[in-house]
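Chains as they are written, first to last, in the numbering used here: chain P, 74 to 465; chain S, 781 to 995.
Here is the structure we will look at, set down as structure tokens.
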């Protein structure tokens with residue numbers, strides 16, 4: 074295991090490159106969508122600039138020399154997870170899905186027509202090393218289903234394309250090994266906005282805010298969306314004054330149900346985290362403190378003031394919102410918009426003296442400590458606040 | 781659009797203090813920033829939180845109306861939903877509050893907003909700007925489509941005052957001098973000759989209040 078600590082900064086890097094193993098083959102260099110991997114012209118040495126890295130994991134999953142290591146979803150933790158899940162539920166099918174495009178489990182069931190399966194949800198299926206398909210077959214899985222984002226909408230630009238190519242190779246390999254034809258099947262999907270045209274008041278808000286020009290308004294009709302252009306960020310949903318819009322898989326009701334379920338199972342002082350699925354990567358073995366629960370959102374722009382208020386109304390003591398830094402945001406700087414929404418709400422909560430119950434932070438998965446530290450500090454504030462309340 | 785700003789929550793909680801069953805009603809009409817269903821629901825939750833801090837549990841209900849200033853809509857859409865309600869909190873401008881008071885006199889209706897002005901929405905700037913005062917005697921045809929009555933702090937009719945500096949208003953340097961804008965616009969149109977004509981003081985009779993209009 075290479076040392077995960079980068080020199081000098083004292084922070085852990087989510088991706089590390091072990092020069093001793095590197096064969097300077099340049100596969101990672103040519104694949105990295107973010108120019109975080111460079112090659113020294115004279116020596117051919119491969120260098121990783123973690124500050125440019127978006128932790129897509131493509132380099133990890135494709136490095137033939139195993140010179141790249143990752144904190145999230147590496148071979149060991151994936152294997153562990155699959156073994157445990159296989160033993161616990163005994164299903165024949167494995168479904169590997171990208172967080173960016175996967176509907177809820179019911180939707181997966183319908184999409185692939187599989188009633189019983191082990192779900193493996195990852196930020197970009199491109200990060201899954203091909204060997205995991207072989208491992209899964211030796212564990213006794215019979216079919217593997219992979220759900221990637223539509224190639225045009227891949228948050229990591231190359232993730233879906235790389236997955237497609239990888240699956241072709243491994244399907245051939247598995248066939249030659251005698252596991253049968255097309256053992257791994259691939260579907261591509263992306264989540265979209267849904268509009269209730271009866272509720273639409275044709276105000277044009279979504280037209281202004283949509284970063285992709287997907288909303289169309291032709292008077293006197295209600296709004297319609299070009300779903301080819303929609304990338305499912307959810308910004309229009311969170312800002313629709315008439316609540317006429319929904320985002321597939323992140324429907325108002327579904328999030329509300331999650332809020333009330335999670336807030337009832339938490340211990341005091343209750344802390345609920347809304348996090349962008351690209352800002353914080355949960356570990357497969359992630360264990361949460363009994364007073365902390367998380368809700369993942371497709372992008373911080375789906376942050377809805379109503380949900381934050383709902384959490385407080387349900388007795389949650391503190392709500393933490395974690396978004397990608399502006400430059401990292403996969404949705405054209407929409408995390409900035411989320412910050413604005415939270416600040417506006419904070420201002421109103423301050424009229425009730427409740428502003429400390431809300432905290433917005435920018436974090437990135439490239440240094441996992443940033444989120445851990447934000448959470449630790451916020452917990453301190455909330456615990457101190459609760460103590461004060463009790464004394465009163 | 782009628783621009784409104786939310787009243788402080790404490791003020792609302794104060795005037796709602798004798799009432800428990802409160803109907804919170806949004807307006808999808810011209811009230812801006814949007815005061816529709818989403819804002820009504822947010823306000824509902826804020827009031828419930830604030831109520832609890834005062835040891836009070838509200839029984840709330842939330843809805844929205846296409847335009848609250850329409851007496852027929854209030855009578856047909858809102859009235860049937862008001863059974864068991866003690867008080868209405870309106871997110872509309874002052875018109876909605878008064879229309880509901882007029883049509884549903886058995887209920888007490890309160891404003892959740894302060895109505896500030898009739899404004900345009902400068903989306904890119906993220907601001908609302910007062911551009912029309914409903915003066916009743918529109919002179920936009922003579923001023924290049926820019927209103928000096930509203931956008932000049934002094935409401936001057938015959939050109940800039942001596943206080944204009946770098947094309948900004950002396951009373952608030954953040955504001956453009958309306959007469960500089962008018963001059964430039966008329967120059968663009970090749971209509972500077974319009975300015976040679978003296979315009980007498982405005983006939984304030986045209987805005988005798990309260991106004992009434994029939995078409």
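A virtual CB, placed ideally from N, CA and C, is assigned to each residue, including glycine.
(request) With DSSP collapsed to three states, give me the class of residue 922(S). (result) DSSP places residue 922(S) in helix when its eight states are reduced to three.
(message) Would you say residue 378(P) lies against chain S (beta-carbon separation less than 7 Å)?
(response) Interface residue, yes.
(request) Give, in chain order, every unbroken run of the alpha helix (DSSP H) that is at least 4 residues long and sits entirely within the region 155 to 243 of chain P. (result) 178 to 185 and 204 to 212
(request) Answer yes or no: does any C-beta atom of chain S fall closer than 7 Å to that of residue 79(P)? (result) Below a pLDDT of 50, predicted positions are generally treated as unreliable, and residue 79(P), at 45, falls in that range; the measurement from the model is reported next regardless. Answer no: the Cβ-Cβ gap between residue 79(P) and chain S never drops below 7 Å.
(message) Less than 7 Å between C-beta atoms, sequence neighbours within five positions excluded: which residues of the same chain meet that for residue 951(S)?
(response) 933
(message) Does residue 971(S) come out as helix, strand or coil in the three-state DSSP assignment?
(response) Looking at residue 971(S) - three-state DSSP - the assignment turns out to be coil, as it is neither helix nor strand.
(request) Check whether the Cβ atoms of residue 871(S) and residue 892(S) lie closer than 7 Å to each other. (result) yes
(request) Find out if the Cβ-Cβ distance for the pair residue 431(P), residue 420(P) is shorter than 7 Å. (result) no
(message) Give me the chain S residues within the contact set of residue 322(P), using Cβ-Cβ distance strictly less than 9 Å, ordered along the chain.
(response) Here the premise fails: no neighbours, minimum Cβ distance about 20 Å.
(message) Considering only the alpha carbon of each residue, which of 111(P), 424(P), 126(P) and 307(P) lies closest to residue 401(P)?
(response) 126(P)
(message) Going by DSSP, what residue range makes up the beta strand (DSSP E) through residue 374(P)?
(response) Boundaries for residue 374(P): no beta strand (DSSP E) harbours it, and the DSSP string shows neither H nor E there.
(request) Name, please, each residue of chain S whose Cβ falls closer than 8 Å to the Cβ of residue 274(P). (result) 808, 816 and 846
(message) Taking only three categories from DSSP, how would you classify residue 900(S)?
(response) strand
(message) Quick check on residue 176(P) - is its C-beta less than 7 Å from some C-beta in chain S?
(response) no
(request) Report the neighbours of residue 278(P) on chain S: residues whose CB is nearer than 9 Å to its CB, in chain order. (result) 814
(message) Short of 9 Å Cβ to Cβ, which residues in the region 280 to 293 of chain P face chain S?
(response) 281
(request) Please check if any C-beta of chain P sits within less than 7 Å of the C-beta of residue 965(S). (result) So no, residue 965(S) is outside the interface.
(message) So with CB distances below 9 Å, who are the chain S contacts of residue 342(P)?
(response) Here the premise fails: no neighbours, minimum Cβ distance about 16 Å.
(message) Counting only C-beta atoms, is residue 424(P) closer than 7 Å to chain S at any point?
(response) yes
(request) Apply the 10 Å Cβ neighbour rule to residue 253(P) and answer buried if 16 or more other Cβ atoms are within range, or exposed otherwise. (result) exposed
(request) Could you tell me how far apart the beta carbons of residue 447(P) and residue 436(P) are, in whole angstroms, since I believe they sit closer than 8 Å? (result) 6 Å
(request) Counting only the same chain and skipping the five closest in sequence on each side, list residues whose C-beta sits under 7 Å from that of residue 909(S). (result) Answer for residue 909(S): 899, 900 and 902, listed in chain order.
(request) Quick one: grab the DSSP three-state call for residue 310(P). (result) helix
(message) Can you tell me where the beta strand (DSSP E) holding residue 283(P) begins and where it ends?
(response) That residue, residue 283(P), is in no beta strand (DSSP E); it is neither H nor E in DSSP.
(request) Please state whether DSSP places residue 891(S) in a helix, a strand or coil. (result) Correct three-state label for residue 891(S): strand.
(request) Name, please, each residue of chain S whose Cβ falls closer than 8 Å to the Cβ of residue 313(P). (result) 818
(request) Using only the heavy atoms of the ligand MN, determine whether one of them is closer than 6 Å to the beta carbon of residue 194(P). (result) Absence of the ligand MN is noted for the structure shown, with no ligands found whatsoever.
(request) Can you have a look at residue 241(P) and say buried or exposed, based on whether 16 or more other CB atoms are within 10 angstroms of its CB? (result) exposed
(message) By DSSP's criteria, residue 956(S) is part of a beta bridge. Which residues make up the other side?
(response) 948(S)
(request) Sort out for me which residues DSSP pairs residue 804(S) with in a bridge. (result) When DSSP reads this structure, residue 804(S) sits in a beta bridge with 842(S) and 869(S).
(message) Tell me which residue opens and which closes the beta strand (DSSP E) that residue 416(P) is part of.
(response) That residue, residue 416(P), is in no beta strand (DSSP E); its alpha helix (DSSP H) goes 407 to 423.
(request) Step through the CB atoms of chain P and report whether any lies within less than 7 Å of the CB of residue 878(S). (result) Taking a beta-carbon distance threshold of 7 Å, residue 878(S) does not count as an interface residue toward chain P.
(message) Whether or not the region 184 to 192 of chain P and the region 134 to 151 of chain P are in contact is what I'm after, with contact meaning three or more pairs of Cβ atoms, one per stretch, closer than 8 Å; do they touch?
(response) no
(message) Going by the DSSP bridge assignment, what does residue 392(P) pair with across the sheet?
(response) 345(P) and 431(P)
(request) Output the boundary residues of the beta strand (DSSP E) element that contains residue 784(S). (result) 782 to 786
(message) Please report the straight-line C-alpha distance between residue 395(P) and residue 867(S), rounded to a whole angstrom.
(response) Straight-line Cα distance between these residues: approximately 39 Å.
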